[in-house]
Structures are given as C-alpha cells and as structure tokens.
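Numbered per the UniProt record's numbering, the sequence shown spans residues 1 to 357.
Heads up, the beta-carbon is just placed ideally off N, CA and C, and yes, glycines get one too.
The model shown is predicted, which means the values in this text are computed figures rather than measured ones.
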Amino acid sequence: KESDVLCLFRLTPQPGVDPIEAAAAIAGESSTATWTVVWTDLLTACDVYRAKAYFVEEVPNKADEFFAFIAYECDLFEEGSIANLTASIIGNVFGFKAVKALRLEDMRIPYAYLKTFLGPATGVVVERERMDCFGRPLLGATVKPKLGLSGKNYGRVVYEGLRGGLDFLKDDENINSQPFMRWRERFLYVMEGINKAVAKTGQVKGSYLNVTAATMEDMYERAEYAKSVGSVIIMIDLVIGYTAIQTMAYWARKNDMILHLHRAGHSTYTRQKNHGINFRVICKWMRMSGVDHIHAGTVVGKLEGDPNAVKGFYDTLLLTSLKEDRNIGLFFDMDWASLRKCLPVASGGIHCGQMHQ
Numbered sequence: 001k002e003s004d005v006l007c008l009f010r011l012t013p014q015p016g017v018d019p020i021e022a023a024a025a026i027a028g029e030s031s032t033a034t035w036t037v038v039w040t041d042l043l044t045a046c047d048v049y050r051a052k053a054y055f056v057e058e059v060p061n062k063a064d065e066f067f068a069f070i071a072y073e074c075d076l077f078e079e080g081s082i083a084n085l086t087a088s089i090i091g092n093v094f095g096f097k098a099v100k101a102l103r104l105e106d107m108r109i110p111y112a113y114l115k116t117f118l119g120p121a122t123g124v125v126v127e128r129e130r131m132d133c134f135g136r137p138l139l140g141a142t143v144k145p146k147l148g149l150s151g152k153n154y155g156r157v158v159y160e161g162l163r164g165g166l167d168f169l170k171d172d173e174n175i176n177s178q179p180f181m182r183w184r185e186r187f188l189y190v191m192e193g194i195n196k197a198v199a200k201t202g203q204v205k206g207s208y209l210n211v212t213a214a215t216m217e218d219m220y221e222r223a224e225y226a227k228s229v230g231s232v233i234i235m236i237d238l239v240i241g242y243t244a245i246q247t248m249a250y251w252a253r254k255n256d257m258i259l260h261l262h263r264a265g266h267s268t269y270t271r272q273k274n275h276g277i278n279f280r281v282i283c284k285w286m287r288m289s290g291v292d293h294i295h296a297g298t299v300v301g302k303l304e305g306d307p308n309a310v311k312g313f314y315d316t317l318l319l320t321s322l323k324e325d326r327n328i329g330l331f332f333d334m335d336w337a338s339l340r341k342c343l344p345v346a347s348g349g350i351h352c353g354q355m356h357q
C-alpha cells in the first residue's frame with residue numbers, strides 16, 4: 001500500500017535454507033511473530049500488522065544472494081521516532097541462524113509517516129543565506145592534529161584557516177573535553193579566532209563546535225554555552241545514538257542553531273557489502289531526524305567511496321523526491337513530504353591537489 005514502509009534487504013541464506021522462507025521469517029520477526037505460535041495471536045489482527053515479504057529476486061551476478069522486499073504496516077511504528085522504527089526493522093533479524101548475512105539496502109518511507117518528523121530546521125537555502133555564499137561549494141576543513149593541541153593553539157589554527165579563505169573549520173569526532181583541552185577553553189578560543197577572522201576579512205565565518213558528551217545534560221550544557229558565546233552551529237557524532245540525535249535536533253531547531261552530524265562509527269555496519277546497513281538508509285534516517293549537515297563521503301580522498309553510491313547518498317539528502325535508479329542504489333520512488341534538504345559534506349583526506357578528479 002502507499003502507506004506501507006517498504007524495506008529492501010540483501011539476504012544471504014545459510015546453505016540449504018530456502019530464500020523465500022528466510023525472507024518470510026525476517027518479515028515475521030521484525031513485526032508480530034516470535035519463535036513459536038502463541039495463543040495471544042488470536043487477540044490481535046495479525047493479518048493486518050504482520051509484515052509481508054512480497055517479492056524475492058536473485059542479486060545479479062551473485063549466486064547465493066537475494067533481494068527481499070518487505071512491506072510494513074505504518075501503524076507498527078511510533079510517530080516521529082527513529083528509535084522505534086529501527087528497533088523493529090533492524091532489532092533482532094540480523095542474528096537469525098537461518099541467515100548467513102543480511103543487509104538493509106534501502107527503504108521507502110511513506111508520506112504519512114514522514115509528516116510525523118520535523119526534518120532539518122535550517123536546510124541548504126537558509127544556511128547559504130546566513131553565510132551569504134551562493135554559486136559555489138562551502139569550503140571548510142578540520143583542525144589537525146585532532147588531538148593534543150592546547151585551547152590557544154587550537155583557536156590560532158581556526159583563525160589562520162578562516163583568514164586564509166575557508167568558510168568554516170570544525171572539530172573532529174573525538175574532540176570533546178580531554179585533559180589537554182577542556183570544552184569551555186576550546187569554545188572560547190575558537191570564537192575568538194572566528195571573530196578576529198570576520199573582522200579581518202569582512203566575510204561570514206564559523207566553526208563547528210562538537211558538543212558530544214557522556215550524557216544529554218552535558219550536551220545541553222555545552223550547546224547552551226556555544227550559543228551564549230556567539231556560535232551559530234554545533235556538532236554531534238553519530239555514535240551518540242538515534243534518540244540523542246533527534247533530541248539535539250529539536251534543541252537546535254528551538255534555539256535557531258545549525259546542527260552538523262559527523263558520521264563517526266558508521267563504517268562498523270555500512271562498509272560490508274553483504275551485511276549491515278547501507279549508508280543511504282542512514283542518510284534517510286538522519287534527514288528525518290532533523291540534522292542540517294551530514295558527512296556523506298566522496299569519491300577521492302582517504303576513505304572508501306564508489307561514484308554511483310556516493311551520488312545516491314547525495315541525491316537522498318538533496319532531492320525533494322527520489323526516483324528508482326538501481327545504478328545509484330535507489331530501489332524505490334519516494335517523496336520527501338516537504339522535509340527540508342540536508343547538506344551533504346564531502347570529507348576525508350580531500351586536498352586541492354585532487355580538484356581535477
């Protein structure tokens with residue numbers, strides 16, 4: 001149905017296991033079924049709420065891999081909750097004995113369910129207006145070395161980079177509040193560097209302040225402080241979890257702050273080609289969650305990046321509607337229901353010597 005959540009799994013069954021039976025088991029386990037028949041099944045409308053594996057096909061040029069298309073009733077998921085959506089779809093099925101490997105390749109989120117999410121508060125157009133920068137990519141860099149600098153030297157790097165022509169600098173994923181540089185010290189010196197660079201160049205400049213911390217209370221404190229010293233953008237890491245990401249997105253929307261997401265840790269479950277989650281699915285979840293930026297990979301640099309796959313990631317974040325195109329990894333048509341665009345960030349060992357590529 002148009003209101004169903006559709007998922008595409010890449011399924012590698014164990015030898016001797018029928019792929020259709022494996023797909024049906026995945027559909028059942030991720031919705032109403034369990035390991036046995038229970039009498040309480042008679043107390044609910046299982047035919048309505050049970051997910052349906054409606055199509056299974058062989059993966060081209062892969063003898064033991066199959067694409068399993070599964071449809072989920074929209075009412076199975078709490079409105080506006082990435083945590084609940086993911087708990088159902090990826091919660092238990094990846095450990096099935098009958099399955100050698102399983103990968104969530106793509107999802108079609110229905111219009112009605114998308115409307116329960118706020119999406120990015122700022123989006124691409126508003127950020128360009130704030131930066132007064134049009135017609136070219138925004139140019140930024142990460143402070144290096146990522147660990148070990150004092151607050152004063154960190155702020156100096158920010159100033160030199162911004163004065164040299166960058167639009168922004170940013171903290172790296174593991175800069176939080178270590179003994180060599182506490183977070184308050186970093187925030188103050190970074191803002192000093194930004195203000196000096198703005199005065200020197202007459203241009204809008206910024207730096208992404210990483211507020212990732214051990215608890216939500218600590219993250220709120222750091223975000224509030226970043227706002228109080230004049231920052232217009234904060235940063236979080238993917239490893240804080242989906243609920244924390246949505247919570248910080250709500251805070252950023254309420255406080256008129258831009259929210260940057262570093263995809264730290266994603267490769268632990270996105271890099272393997274036959275098991276885990278495709279990064280395009282993470283892109284969809286993060287756009288729904290409401291982050292304004294996300295690292296989305298690049299073809300050049302130090303990190304893995306297939307040109308077609310990366311284009312699929314960028315289209316997922318930037319287009320208002322998606323059309324099926326298996327060449328770039330999009331298996332479903334999908335309308336984004338007026339959710340704002342999420343700005344993809346190309347990163348990972350990029351330098352001016354690669355511009356011809």
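Under a three-way DSSP split, which group does residue i fall into?
i, result
"Asp75", "helix"
"Ile282", "helix"
"Ser267", "helix"
"Asn274", "coil"
"Asn195", "helix"
"Pro344", "strand"
"Leu259", "strand"
"Phe187", "helix"
"Asp4", "coil"
"Leu169", "strand"
"Asp333", "coil"
For residue i, which option in the options has the closest C-alpha, if you only look at C-alpha atoms?
i, options, result
"Arg222", "Tyr269, Phe168, Pro15, Trp251", "Trp251"
"Ala214", "Lys205, Ser177, Phe187", "Ser177"
"Lys144", "Leu8, Glu160, Ile89, Lys273", "Glu160"
"Asn308", "Asp292, Arg280, Gly140, Arg10", "Arg280"
"His275", "Glu324, Leu162, Phe9", "Phe9"
"Met172", "Ser228, Gly148, Ile26", "The question names Met, but residue 172 in the sequence shown is Asp. The shortest C-alpha separation from Asp172 is found at Gly148."
"Ala53", "Leu11, Lys62, Glu78", "Leu11"
"Thr116", "His293, Ser289, Leu318", "Ser289"
"Ala112", "Lys1, Glu127, Asp306, Glu57", "Lys1"
"Tyr49", "Val229, Leu76, Glu65", "Leu76"
Just list the residues that DSSP pairs residue i with in beta bridges.
i, result
"Ile328", "Looking at the DSSP assignment, Ile328 forms no beta bridge with any residue, so it has no partner."
"Pro19", "Pro19 pairs with nothing; no bridge assigned."
"Thr12", "Ala101"
"Val56", "Ala68"
"Leu209", "Ile234"
Flag this pair as touching only if the region 13-32 and the region 90-99 have three or more C-beta atom pairs under 8 Å; answer yes or no.
yes
Segments assigned alpha helix (DSSP H), at least 4 residues, entirely inside the region 89-146
111-114, 123-131
Three or more C-beta pairs closer than 8 Å, one from the region 276-289 and one from the region 101-117: is that the case here?
yes
Contact the region 184-197 vs the region 237-246: 3+ CB pairs below 8 Å
no
May I have a chain-ordered list of the beta strand (DSSP E) segments no shorter than 3 residues that lie completely inside the region 287-321?
293-295
Counting pairs of beta carbons, one from the region 181-190 and one from the region 142-154, are three or more of them closer than 8 Å?
yes
Report the start-end ranges of each alpha helix (DSSP H) in the region 216-250 that is 4 residues or longer and not cut off at the edges.
216-228
Inspect the CB distances between the region 306-313 and the region 328-335 and report whether three or more fall short of 8 Å.
yes
Any 3 or more C-beta pairs closer than 8 Å across the region 1-20 and the region 66-73:
yes
Between the region 78-92 and the region 256-263, do three or more beta carbon pairs fall short of 8 Å?
no
Check whether the region 314-325 touches the region 334-345, taking contact to mean three or more Cβ pairs, one atom from each stretch, closer than 8 Å.
yes
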